[in-house]
Ligand code: SF4
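In the numbering used here, the protein residues as written are 189 to 454.
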């Protein structure tokens, strides 16, 4: 079926897109086209994409690199459709990531709705820091949602991420309260040594997720130091310069704690 000649509602709606990556194998099932949106209200100290923080188009201090471009829903879909054959052969599709996708909820909703309409599998990667009504309608067109839950301790959350965690917890609670047919809800935690890898915070996370039947499993991801060069290029300071990637043994130890409450994948 050929869709790209069709007219549809909001096809000309514009969004600020950081970049589009093809053939990713890390952002959902199969081969995926990942649409990275610009704009994020959080400030995780370990963030590997500082160029995604602001919605506006940015250039490096020396003016040599520009981050982001304004695109319509249809312009993004033209890129996404180019790999349709790979999606159908590999079980892949489109993933919308950030920044924080909820910084541009209208655009993201129209994008996933269109992909869904065209039979393309859809994933989102989000912190759930946004309005429930926006989340709920995006989830209605999403096959898999990857949601970060970075810290249970409210004070530490504010300190390391810059915003409180009550809205995030409330939205995860709502999304996880019931099992949606044919939809996946996967909670992710990037493990940052000395920040969110304590027994206490992992126990709290496991207990919180254990009470939510709609959550499929917990994924623990090792901290990495990618993106630090981009801070320099943007004239920003990376705040965790001495933090090391956790060892396999430590990842396993963290998994064994959370695994008492919920299926956990490292
Ligand atoms: S939510 Fe993601 S994009 Fe936003 S600051 Fe944190 S790591 Fe960076």
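Glycine included, each C-beta is placed from N, C-alpha and C at the ideal position.
Item: Quiz: which residues have CB nearer than 6 Å to the ligand SF4 non-hydrogen atoms; Value: 228, 230, 231, 232, 235, 237, 240, 286, 287, 288, 315
Item: Stretch-stretch touch, CB-based, cutoff 8 Å, three pairs: the segment 334–342 with the segment 374–384; Value: yes
Item: Sequence-distant residues of its chain with Cβ nearer than 6 Å to residue 428 (five each side left out); Value: 233, 234
Item: Own chain partners of residue 318 with C-beta closer than 6 Å, once the 5 adjacent residues on each side are dropped; Value: 290
Item: Neighbourhood of residue 400 by C-beta, 6 Å cutoff - its chain only, sequence neighbours within 5 removed; Value: 364
Item: Which of helix, strand or coil DSSP assigns to residue 311; Value: strand
Item: C-beta contact flag for residue 419 and residue 411 at 8 Å; Value: no
Item: C-alpha gap between residue 217 and residue 321, whole angstroms; Value: 27 Å
Item: Within-8 Å CB hit, residue 321 to chain B; Value: You won't find chain B in this structure, because it holds only one protein chain.
Item: Whole-angstrom distance between residue 431 and residue 407, CA atom to CA atom; Value: 21 Å
Item: Span of the beta strand (DSSP E) around residue 211; Value: 202–212
Item: Element boundaries [alpha helix (DSSP H), containing residue 276]; Value: 272–278
Item: Where residue 217 sits in the DSSP three-state scheme; Value: coil
Item: Whole-angstrom C-beta distance between residue 230 and residue 271, which should lie under 8 Å; Value: That belief does not hold up - the Cβ atoms of residue 271 and residue 230 are roughly 30 Å apart, past 8 Å.
Item: For residue 202 and residue 258, believed in contact at Cβ under 8 Å, the rounded distance; Value: 5 Å
Item: Residue 383, DSSP secondary structure in three states; Value: coil
Item: Local conformation of residue 376 per DSSP, three classes; Value: strand
Item: Exposed unless 16 or more other CB atoms sit within 10 angstroms - verdict on residue 387; Value: exposed
Item: Own chain partners of residue 248 with C-beta closer than 7 Å, once the 5 adjacent residues on each side are dropped; Value: 421, 422
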